[in-house]
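For the sequence shown, my numbering assigns the number 528 to the initial residue and increments by one for each residue that follows.
C-beta: ideal position from N, C-alpha, C; glycine also.
Small disclaimer: the values here were computed from a predicted structure and weren't measured.
Have a look at the structure below before the remarks.
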Amino acid sequence: MINLTIDDRTVSVEKNATILQAAEKLNIKIPTLCYNEEMAPIGSCRICVVEAIKGGESLIVSACNTGVEEGMKVYTKSEKAIEARKFAVKILYSENPSVKLIRDLAEEYGVVEDINVRKSECIHCERCVHACRDVVGQNAIVLTTCGLSYGNDAPSLKWDFDKCIACGTCAFVCPTGAVKMHDHDGVRTLLTPESKQDFTLKKCVSCGSYFMPEVQAQYLMKKTELPADKFDQCMNCR
Ligand code: SF4
Ligand code: SF4
Ligand code: FES
């Protein structure tokens, strides 16, 4: 028999058992999709991924086709396990958005919105990244890549709103409309493939129209060392 722990609970199973079978013995639920107990595990969907600690090393493995090992520690709901599962769900959903089973999973893991926008509009051309870094000089868009490979190793983007000055250049250069910007009721909204952010707009002290994001005015003030009142009026009233 092999002894291991799953979510800090000890279990003993036959030596040829899988992590999934060991978890079932403890009534710990691990989601599965391609797995069918009547067949040999396929291991294609990756929905069943868990974090396994073996010899001090943390690995992400699929529970349905990974055998148990003596002293192994398995975590089915650790941050790392959930992130990996979420990624598997995202990939599945991006390829099969109309399949109810997949859609339900995507909703459960909160990835519906991400995929809808990214898949439909962002083509990973990186124009926005370069424009923000080289033209605006803010470097507020970070290029990230995912660790797991599903034959889709396209980079993904992350907006750093601590650096962003809401200038809208990324929206302007985006060829597909994956980044959108619109001003409404004293607020500028930036919609990116992965997020949405509102910025307060400055009101012109003369005509009362909104003309520039507060954060951009502060940025320009700092850069030009001009007094604050130089940024109180819109272009038309100056
Ligand atoms: S709106 Fe923000 S992220 Fe976009 S180009 Fe301007 S500073 Fe960069
Ligand atoms: S958001 Fe637009 S500009 Fe940026 S990588 Fe995607 S398609 Fe290109
Ligand atoms: S259930 Fe599909 S990889 Fe395990």
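Check	Outcome
Among Asp756, Val588, Arg654 and Lys600, the one whose alpha carbon lies nearest that of Ala698	Arg654
Buried versus exposed, by CB contacts within 10 Å (16 or more), Glu584	exposed
Complete runs of the alpha helix (DSSP H) confined to the segment 574-660 [at least 4 residues]	606-622, 627-635, 639-648 and 654-657
Where Val732 falls, given that 16 or more other Cβ within 10 Å makes a residue buried	exposed
Reduced DSSP secondary structure (H/G/I, E/B, other) of Gln724	strand
Boundaries of the beta strand (DSSP E) in which Ile668 is found, first to last residue	Ile668 to Thr671
In DSSP terms, what Ile529 is bridged to	Val540
Ile573 Cβ short of 8 Å to ligand 3 heavy atom set	The sequence shown places Arg at residue 573, not Ile. Yes.
DSSP state of Thr707 mapped onto helix, strand, coil	In the sequence as presented, Thr is not what sits at residue 707; that position holds Lys. In the structure shown, Lys707 sits in a strand (DSSP, three-state: E or B).
Rounded separation between Ala633 and Ala608 - CA only	16 Å
Sequence-distant residues of its chain with Cβ nearer than 6 Å to Thr532 (five each side left out)	Lys600
C-beta contact flag for Ala550 and Thr603 at 9 Å	yes
Residues near Ile574 in its chain [Cβ-Cβ closer than 8 Å; skip 5 each side]	Pro558, Thr559, Leu560, Cys561, Arg612, Ala615, Val616, Leu619 and Leu632
Environment of Gln743 [buried if 16+ CB atoms lie within 10 Å]	buried
Contact shell at 6 Å, judged by CB to any heavy atom of ligand 1, ordered along the chain	Ala658, Cys659, Val663, Gln665, Ala667, Ile668, Trp686, Cys691, Ile692, Ala693, Cys694, Gly695, Thr696, Cys697 and Leu717
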